[in-house]
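Asker: Here the sequence shown stands for residues 15 to 280, numbered as in our numbering.
Beta carbons: idealized from backbone N, C-alpha and C, even for Gly.
Small disclaimer: the values here were computed from a predicted structure and weren't measured.
Structure provided below as structure tokens; questions to follow.
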Amino acid sequence: MRIDVHTHVWPEKIAELTREAMARDTGFQAVSGNTVDALKSHMGESGVDKSVVLGIVDRPDQVSRANDWLISIQDEMLVPFGAIHPGLENKADEVRRLRQAGIKGIKLHPVMNRFYPDDPQMFPVYEELGGDMVLEIHTGRLPTSKPGDPVYAAPERVMNVVRRFPRLKVIALHLGGFYMLDEAERDLLGRENVFIDTTWPPSLKEVAGETLAAIIDKHGSHRVCFGTDYPLASQSADSEYIQRLGISDGDAEGILGENARQFIGL
Ligand SMILES: [Zn+2]
């Protein structure tokens, strides 16, 4: 089974607006539409069976509406993860509501929402996720980060959470450190209790094959999941790149879906 653990789509009504905002915020152009229908047709063309759709919000007052919509798009192909904002008052209650609605995880974006993941205000969220729901967390910088910007999601910060909550199921996105691969190698890769994903828009090819193979080897291929950031990258191009790395067929099958299937429980 092929699973992409990292995609973004929005309701039709605001899709165009968010697509423009995403292009502006990241500097990347979308490869396709950011709607449910566009993602499903891209999955069909790419041979992907399931996509995890990650919720993102700018403000705390958007959380419950965003999550209502995410809950509504669950089906055989789409596995939505809820959005949680640090400014939300009853964060643990929202996690509980998501669980009751069948949602299997949440996404946190410390850079966009400007918070440190190891800030104690977030601990009730991690406690509520328990040992069953998955936390996908942006790790590293953004393409638009400038020198001197606070580094909210350094691999070390994510590892502080992993160590404090050893039961928590964590996927550190972007190979464990977007634009921070040296820090990821030092502080996160090969450590216990944390998975990573392969999301590297606009194309995983930007990471040299040798480097990617070394990251997979160091962290352990059984704890690496395929992710793309669709619509900012192509599922077919990135999955083909992984298959051409020269890793074993078994390892590739794990990365491209089996690891996520077991970890998320799909
Ligand atoms: Zn993303």
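#1: When the distance is taken between beta carbons, is GLN88 closer than 8 Å to GLY116?
#2: Thinking C-beta only, is ILE278 closer than 8 Å to VAL93?
#3: Suppose you measure from the CA of VAL208 to the CA of LEU195; what does that come to, to the nearest Å?
#4: For a test of your reading of the model: does the CB of ASP243 fall under 7 Å from any non-hydrogen atom of ligand 1? Yes or no.
#5: Alpha carbon to alpha carbon, how far is THR153 from PRO215? Give it in angstroms, no decimals.
#6: If you run the structure through DSSP and keep just helix, strand and coil, what is GLU170?
#7: Report the three-state DSSP secondary structure of SER65 (helix, strand or coil).
#8: Here's the rule I'm using: 16 or more other beta-carbon atoms within 10 Å means buried, otherwise exposed. How should LYS183 be labelled?
#9: Within 8 Å, do at least three Cβ pairs link the region 216 to 230 to the region 259 to 279?
#10: Using C-beta distances below 6 Å, list every residue in its chain close to VAL19, excluding the 5 sequence neighbours before and after it, in chain order.
#11: With distances taken from CA atoms, which of ALA37, ILE28, GLU26, ILE17 is nearest PRO245?
#12: From GLU141 to LEU112, what distance separates their C-alpha atoms?
#13: Quick check for students: name the residue ranges of the beta strand (DSSP E) that lie wholly in the region 37 to 81, counting only runs of 3 or more.
#14: Is it true that the region 90 to 106 meets the region 163 to 172, where meeting means three or more beta-carbon pairs spaced less than 8 Å apart?
Answerer: With the given structure in hand:
#1: yes
#2: yes
#3: Distance between the alpha carbons of VAL208 and LEU195 is about 16 Å.
#4: yes
#5: Computed Cα separation, rounded: 14 Å.
#6: In the structure shown, GLU170 sits in a helix (DSSP, three-state: H, G or I).
#7: strand
#8: buried
#9: yes
#10: VAL66, ASP211, CYS239, GLY241, ALA274
#11: With distances taken between Cα atoms, PRO245 lies closest to ALA37.
#12: 14 Å
#13: 64 to 68
#14: no
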